[in-house]
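When the letters of the sequence shown are read in order and numbered with the working numbering, they come out as residues 84 to 214.
All C-beta atoms in this analysis are idealised placements derived from N, C-alpha and C, irrespective of residue type, glycine included.
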Amino acid sequence: MYILIVDDDMSSRLYLQAVLARFGEIVLAGNGMEAYELFLLSHEQGRSFDVIFMDVKMPTLDGYQATQKIRQWEKDHSGGDRSVVIMATAYAFQSDALDSFKSGADLHLPKPYSPKQVEGFLWECGFRKKR
Numbered sequence: 084m085y086i087l088i089v090d091d092d093m094s095s096r097l098y099l100q101a102v103l104a105r106f107g108e109i110v111l112a113g114n115g116m117e118a119y120e121l122f123l124l125s126h127e128q129g130r131s132f133d134v135i136f137m138d139v140k141m142p143t144l145d146g147y148q149a150t151q152k153i154r155q156w157e158k159d160h161s162g163g164d165r166s167v168v169i170m171a172t173a174y175a176f177q178s179d180a181l182d183s184f185k186s187g188a189d190l191h192l193p194k195p196y197s198p199k200q201v202e203g204f205l206w207e208c209g210f211r212k213k214r
């Protein structure tokens, strides 16, 4: 599995990286614009991210905007293939989850979350640990 973790907080990126290490290759981004550029670069290289863990509040380009840009690119270029976008955010109200889904996210994972919750979300999406 090819995973992109997007968060402006280094400790959050490293935590998710440790949790997800058993699932596959991981790429880290510190803001939404960097994430979108890495997303485009991966497609230029003939790859696509299976899962994107996206924080919401970030400098340069927030998670909602980055997800919208990713979804627009997928709509225009990918022939229906989509990365799974999981909004991993401190925003935990129902309205926040609705905003995540409106931006194009597949799941909304409020912080703090446990490794079991993250793994459960991946299982829910059909992903398994690599052997």
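Residue i (DSSP reduced to helix, strand or coil)
i: A171; result: strand
i: P198; result: helix
i: L99; result: helix
i: A104; result: helix
i: L218; result: Outside the modelled stretch of the chain, which goes from 84 to 214, sits residue 218, for which no answer is possible.
i: L144; result: coil
i: S94; result: helix
Span of the beta strand (DSSP E) around residue i
i: F136; result: 134-137
Spatial neighbours of residue i in its chain, beta-carbon cut-off 8 Å, leaving aside the 5 residues before and after
i: G187; result: T150, Q151, I153, R154, V168
Residue span of the alpha helix (DSSP H) that contains residue i, given as start and end
i: L124; result: 115-127
Beta-carbon proximity list for residue i, same chain, < 6 Å, skipping 5 on both sides
i: R96; result: I88, D90, L111
Closest residue to residue i among the options (Cα-Cα distance)
i: L103; options: G115, M84, M116; result: M84
Inset, instruction - Say whether the region 115-124 touches the region 168-184, bearing in mind that this needs 3 or more beta-carbon pairs closer than 8 Å, one atom from each stretch. - result: no
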